[in-house]
Structure formats: C-alpha cells, structure tokens
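Protein chains in written order, with the numbering used here: chain A, 392 to 736; chain B, 392 to 736.
Using N, Cα and C, we set each Cβ at its ideal position, and we do this for glycine too.
These figures come from a predicted structure and were not determined experimentally.
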DNA sequence: TTGTAGGCGTTATCAT
DNA sequence: ATGATAACGCCTACAA
C-alpha cells in the first residue's frame with residue numbers, strides 16, 4: 392500500500408533474470424549478438440514482472456521521443472480531421488505517436504504551439520500551408536526538427552512539401568463556368584490573410600476569368616468566415632447586385648452549401664438560375680441536390696504520405712523535397728449553362 | 392559546422408550568468424526565494440542564448456510530462472473532432488499538450504494504443520464511452536494514470552466520467568414520434584458492438600416504443616456502418632417492408648442524412664410521408680430541408696470540461712466522479728404527424 | 001538566498 | 001556474447 396505503486400524498472404528485470412542491465416536493454420531493443428538462452432531468460436523476467444519500459448528515460452538516453460507534432464489551423468473543418476486521421480493511422484504503423492495543436496489561422500499562435508512542441512520534444516513536425524512567420528522556420532532550424540508542410544504547391548527550398556495545386560483546379564472550375572456561358576461570376580471565399588490556400592484559390596478564379604476577358608469586381612468577391620450560415624449570408628449579399636451573378640465560385644464546400652441553401656430560399660433553381668462550385672469534395676458534396684461541382688482534395692492520402700515521408704526523413708533517408716498529388720475537379724449537377732444562354736437559345 | 396547543432400543547456404545558462412545550475416532551474420520554474428537581482432541576470436542569459444529547456448530531461452526528473460492522451464474511436468466523425476478541438480484548446484490553456492490515437496471501435500486496438508501512450512509517458516488519459524476491455528482498466532491502474540471517460544452516463548466506480556444520457560433523449564425522440572401518431576417505426580443504427588452509446592440509444596428507442604405498446608421487430612432495426620450512403624441503403628431496405636414504416640429513428644445525424652436523401656429519391660415527402668430523426672446535431676442538421684429533428688450533443692463543452700477536470704484531478708484536487716451535461720432533443724421539420732392520422736382525420 | 005551533488009531510468013561505450 | 005559504467009539534461013533535497 393505504498394504511495395508509489397511500485398512499477399518495475401529495467402534493473403528489476405536484470406536482477407530477476409540474473410543478468411546485467413545492459414543485457415536487458417539489448418533484449419528490449421533486440422540488438423544483435425544476444426544469445427537465445429539469455430534472450431529467453433530475460434523475456435521471461437519481463438513477462439513475469441509485467442515490465443514496461445520508461446519512455447521518457449529512453450527518450451533522454453536515445454534522443455528520440457517517438458512522437459511527431461501536427462500543427463493545423465483547426466479540426467472543425469472535416470478536411471483537416473480527415474488528413475489527421477490518415478496521418479495518425481500511418482504514424483501508429485510506424486510506431487510513432489501524434490501530438491496535435493490547433494492555431495485557428497493565427498500564425499503567432501502557431502509559433503507558440505511549435506515552441507511548446509519542440510520543448511515537449513518531438514522528432515518531427517507537420518505544418519499546413521506555406522504561410523508562416525519567420526520565427527517558425529527559425530525554431531525549426533535552430534532545433535533541427537525535421538518538418539514537412541502540406542496542402543500547397545509552392546516550390547520553396549525552405550519548405551519541403553506534400554501538397555496539391557490550389558490555383559489550378561480553381562482555374563479549371565472558373566473556366567468550366569465560362570465555358571458554360573457564364574459572364575457574371577462572383578466569388579465567396581474564406582479570409583485570405585494567413586491562408587495561402589484560400590489566396591491561391593482566389594487567384595486561380597481570378598486568373599481564369601481574366602483570361603476570358605471577365606474582370607472580377609471587388610463587390611463580386613465576398614469574404615466570410617468558414618461556415619454554412621456564412622455562405623448563405625454571402626449569397627444574400629451577392630444577390631442584391633445588379634445584374635445578379637449567374638454563378639458562384641466558393642472557396643470551400645461548406646461555403647458552397649450555405650450558398651446553395653440561400654439560393655433555394657431565394658427561389659433560385661440550381662443550376663438553372665445559379666451555378667455553384669465548391670472546393671474539397673466533402674463526403675456530403677455528392678449527395679446534395681443537386682450534387683456539388685467541386686475539387687476532390689486527397690486529404691487522407693496526404694496524411695498517409697506525410698507520415699511515410701516524414702518517417703523516412705527522420706531516418707535520414709533522402710526523400711523528395713516536393714511531392715504533388717492530384718486534386719481533380721469533379722463536375723456534378725450544381726453547375727449548368729448560364730441562364731442567358733439558355734434563354735437566348 | 393558540427394553535426395549536432397549546439398543547442399544550449401541549462402548549464403550554459405548558469406555559466407553565462409555566473410550562477411549555479413540550481414539557480415537557473417529555480418528561475419525557470421519561478422520557485423520562491425529567488426532574489427530579483429539573480430532572476431533578472433539569469434533571465435538575461437536565457438534570452439541571450441535563446442535557451443529552451445529540454446522537456447524530456449525535465450520530465451524524467453519531475454516525473455511529469457505535460458501531455459495527456461485522448462483515445463477516440465475515429466476523427467472522421469465531426470462530433471469527435473469537435474470534442475477534440477475543445478479539449479486541445481483548453482489543455483493548451485492549462486499548458487498541456489495533447490496526444491491523439493484512434494482505434495476505430497476495435498477495443499483491442501484501444502488497449503494497444505493505450506499501452507503506447509503509457510509507455511510514451513502521459514500524465515492523464517481521456518477515453519470515450521463505457522465499453523472497454525478489462526486490460527484497459529488494468530493498465531490505467533497499474534501505472535496509475537489519471538483518466539476520464541466521456542460521452543456516456545453510466546455511473547460506474549471504475550469510470551469517472553463527463554457525459555450525457557444517450558438513452559433518455561433517444562427515448563424522448565421515440566415518444567415524440569408516438570405522440571405524432573406514428574406506429575410503424577423503424578430504426579437505423581450504427582453497429583452496437585463495442586459501442587455503448589449506440590446501444591444506449593437503441594435501448595432508449597426500444598423502451599419508449601414498448602411502453603407505447605409498439606414492439607420493434609428485428610426487421611425494423613437495420614444496423615449499418617457510419618456514412619451517408621449507408622443510411623440511404625438502410626432506408627431502401629426498410630421501404631421494402633409491408634407496411635412501410637412512417638418514421639425512422641436514426642442513431643446519428645449522418646445516417647439520418649442518408650435516410651432523408653434516399654427518401655427523397657423514392658419520392659417520399661418529409662415529414663408528410665416519412666418522419667426522420669437524427670442524433671448529434673451536426674452543423675448542417677439545421678440547414679437541411681426540412682431541418683432535422685435531432686439531439687444536441689454538447690461535444691465542444693465536453694472537451695473543455697474534460698480538460699479542466701482532468702487537469703484538476705492530476706493536480707490531486709478532488710473532482711466529481713460523475714458529471715452530466717444536457718443533451719436536449721431539438722425538434723425541427725423532419726418530423727411530423729403520421730400519414731395515417733393525417734389521412735384519417 | 002544560493003550552491004553542491006545525487007538521482008530520475010535507459011542507452012551506449014568500453015572492456016572482458 | 002556479456003557486464004560495468006558513464007552519459008542523457010534537469011530537478012531538488014541538503015548544505016552553506
């Protein structure tokens with residue numbers, strides 16, 4: 392009934408097996424040059440005592456913790472939790488634990504979180520996107536923590552990354568609308584400060600429209616926080632414009648849901664009166680009525696790939712600095728010919 | 392250009408400030424009995440060298456890691472990622488890091504994950520639900536790791552918990568349907584093995600119906616995996632029954648979405664031809680057409696409360712063994728009078 | 001108030 | 001192949 396629930400130490404195992412602590416350690420880490428006789432004797436002692444190695448002590452001696460950190464903007468966006476799922480599963484497979492911190496798009500918070508993780512002791516770090524404070528990079532370098540960024544496609548020597556193009560599919564979505572005859576096109580996007588992905592998508596939209604000779608007026612770009620209700624508000628604002636846009640490009644699926652809802656509430660038919668696009672391809676996108684035209688972001692695959700690549704890098708293996716995954720647009724029922732075209736035909 | 396990027400140690404700070412390592416340590420942990428003069432001198436040295444304490448070494452000496460583990464079934468269900476969000480934010484506030492592992496409703500996997508966490512060294516653990524293997528409890532006790540369970544309302548001396556009733560609101564939902572005149576009621580639920588929450592909900596449904604004199608025949612209970620498509624399949628199966636059920640109780644919102652979609656596809660109007668209920672109150676529930684009648688699960692609050700309570704417990708404070716939160720039913724448009732009633736009136 | 005020295009539980013470098 | 005023993009980096013009695 393002692394206060395400290397006497398757990399056993401490596402030393403106890405050594406004593407029980409009548410060998411040295413070094414030998415126990417060797418068995419534990421199945422090092423070479425261990426006789427089968429000794430191994431089994433030690434193993435028996437381990438089993439009998441129910442000995443569990445002390446991770447912290449091991450970490451101190453090894454200078455390897457067995458954990459990596461993931462710093463993500465938020466987990467409330469399913470696209471990130473899906474990525475984390477993939478990451479965690481694969482890390483577990485590699486026998487690494489996952490530490491998580493969120494910073495809600497506040498890059499200073501990201502720095503603090505990173506500082507905490509480094510102090511905690513992590514063997515590697517995953518960051519989202521290309522927008523970070525200089526301090527972030529400095530910390531990473533100072534403590535030479537292996538790291539990887541993701542979700543963007545910027546080739547930057549400072550930022551090894553596993554990502555996808557945000558601008559390109561955004562561009563394709565806009566071209567798709569243009570091809571359908573739309574000329575009055577508006578954009579609903581997430582705040583672009585500290586969010587290169589949102590910026591890249593907006594840039595893609597803009598670029599495609601401009602090469603089609605369509606300029607995106609400031610009042611045609613509405614920036615709102617993430618959320619269904621927010622998307623609805625954005626549409627209501629856009630529908631007060633004259634002429635009304637015939638198509639809405641949304642920065643993500645959730646905003647698109649909000650836009651579609653508001654449209655229905657306004658009596659607008661989709662896609663006959665209004666075309667809508669999203670970005671992410673959340674599970675429900677294909678089930679909406681009509682199904683949402685969007686971009687399929689390989690969230691789970693990115694998570695898996697991040698795990699494999701970071702582990703390889705931590706092992707000192709040479710891994711590609713830049714890995715790009717496909718983020719194809721998927722065209723569904725929420726986009727259709729522009730009303731004018733339909734009418735005038 | 393040495394291999395090891397010379398980071399500074401506490402010893403270096405001591406030397407730079409011309410004090411003992413003990414003094415530096417005292418400043419670091421702002422212990423009492425430190426003169427202001429010494430403190431500022433040490434602080435200056437710390438700042439100048441950019442010294443960061445070595446968490447692992449500190450953990451070994453202190454026997455306190457500054458991290459807690461959360462073992463959740465999955466992160467692909469938004470209800471859990473929302474809880475994790477709340478948990479992580481609050482833990483950060485308490486200056487704790489969060490380790491995450493998922494076990495996909497495989498309790499043996501949960502044990503393995505827990506073992507990993509304990510070995511890793513965590514100061515506390517969060518578990519979901521009341522269904523666990525005996526080994527889970529044994530590990531927790533053996534290593535006396537403070538722990539908390541959540542999401543259920545079972546009063547069990549072994550399981551301190553912060554949760555809510557699953558059966559009660561399920562019951563209320565069923566009663567609500569009965570009150571609306573429904574007699575042919577079916578249930579679509581998630582697999583109940585290793586999932587006490589799903590079981591409790593099913594039990595609540597069943598209980599309410601039975602006290603209304605309605606028996607839930609086996610073919611009226613369809614069990615499917617989590618997912619929208621799965622919900623749709625379940626409804627298709629149920630609609631082959633004669634007579635067709637006039638109301639569907641779903642184990643969670645996602646299944647309910649699937650059910651509603653399939654219903655629409657079959658030309659059934661909701662709620663005129665079919666009433667549908669969910670459980671969770673995901674963000675989109677209120678935005679569906681019609682809006683979903685469901686149960687509002689306080690996911691984020693649970694996360695916050697878990698953090699506060701676990702931290703208090705780790706500090707040795709006396710905390711309630713059992714905390715219950717409200718999970719009120721919210722009645723919306725997806726439920727309405729039974730067709731027969733409407734017709735016969 | 002400040003300093004000295006031993007300990008936290010493993011690993012890893014030497015010998016043997 | 002196995003065994004001593006010195007790190008690993010910090011905390012904390014205990015001493016001054």
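I'd like to know whether the C-beta of residue i is nearer than 8 Å to at least one C-beta of chain A.
i	result
residue 483 of chain B	yes
residue 467 of chain B	yes
residue 489 of chain B	yes
residue 616 of chain B	no
residue 723 of chain B	no
residue 537 of chain B	no
residue 476 of chain B	yes
What span of residues does the beta strand (DSSP E) with residue i cover, start to end?
i	result
residue 554 of chain B	552 to 554
residue 714 of chain A	713 to 715
residue 470 of chain B	Segment 469 to 484 is the alpha helix (DSSP H) holding residue 470 of chain B; no beta strand (DSSP E) there.
residue 459 of chain B	458 to 463
residue 612 of chain A	612 to 614
residue 637 of chain B	Unbroken run through residue 637 of chain B: none, as it is neither H nor E.
residue 625 of chain B	Segment 619 to 629 is the alpha helix (DSSP H) holding residue 625 of chain B; no beta strand (DSSP E) there.
residue 576 of chain B	576 to 580
Tell me the DSSP secondary structure of residue i in three-state form.
i	result
residue 671 of chain B	strand
residue 447 of chain A	helix
residue 559 of chain A	helix
residue 731 of chain A	helix
residue 685 of chain B	strand
residue 547 of chain B	strand
residue 414 of chain B	helix
residue 426 of chain A	coil
residue 455 of chain B	coil
residue 409 of chain A	coil
residue 489 of chain A	strand
residue 539 of chain B	strand
residue 725 of chain A	coil
Is there a C-beta anywhere in chain B that falls below 8 Å from the one on residue i?
i	result
residue 401 of chain A	no
residue 638 of chain A	no
residue 756 of chain A	For residue 756 of chain A there is no data in the structure shown, the boundaries of chain A being 392 and 736.
residue 627 of chain A	no
residue 394 of chain A	Residue confidence is low: residue 394 of chain A scores 31 on pLDDT, short of 50, so the model does not pin down where it sits. Its coordinate-derived value is still stated next. Not one chain B Cβ lies under 8 Å of residue 394 of chain A.
residue 456 of chain A	yes
residue 695 of chain A	no
residue 652 of chain A	yes
residue 448 of chain A	yes
residue 551 of chain A	no
residue 444 of chain A	yes
residue 601 of chain A	no
Does the beta carbon of residue i fall short of 7 Å from some heavy atom of the ligand GTP?
i	result
residue 681 of chain B	For the ligand GTP, the structure offers nothing, since it holds no ligand at all.
By Cβ distance, which residues of its chain are closer than 6 Å to residue i, with the 5 residues on each side in sequence left out?
i	result
residue 712 of chain A	551
residue 442 of chain A	399, 404
residue 412 of chain A	401, 402, 405
Just to confirm my understanding: we take residue i, look at its own chain, exclude 5 residues before and 5 after, and list those with CB closer than 7 Å. What are they?
i	result
residue 563 of chain A	720
residue 465 of chain B	471, 493, 495
residue 727 of chain A	571, 662, 663, 666
residue 636 of chain A	575, 576, 577, 611, 629
residue 590 of chain A	583
So, for residue i: in the same chain, excluding its five sequence neighbours on each side, which residues have a beta-carbon less than 8 Å away from its beta-carbon?
i	result
residue 732 of chain B	With a pLDDT of only 47 at residue 732 of chain B, under 50, the local geometry of the prediction cannot be trusted, and no value is derived from it.
residue 484 of chain A	698
For the alpha helix (DSSP H) holding residue i, just list the boundary residues, first then last.
i	result
residue 718 of chain B	Run containing residue 718 of chain B: none; DSSP gives neither H nor E here.
residue 516 of chain B	Looking at the DSSP string, residue 516 of chain B is not in any alpha helix (DSSP H); the run it does join, the beta strand (DSSP E), is 515 to 519.
residue 592 of chain A	587 to 602
residue 530 of chain A	525 to 533
residue 506 of chain B	498 to 511
residue 704 of chain A	690 to 705
residue 608 of chain B	Here residue 608 of chain B belongs to no alpha helix (DSSP H), and DSSP marks it neither H nor E.
residue 644 of chain B	644 to 656
For this session: Determine which residues of the segment 491 to 511 of chain A have a Cβ less than 8 Å from any Cβ of chain B, and write them out in chain order.
Result: 491, 492, 493, 504, 506, 507, 508, 509, 510, 511
Problem set entry | Interfacial residues, the segment 658 to 692 of chain A to chain B, with Cβ spacing under 8 Å | 674, 675, 678, 680
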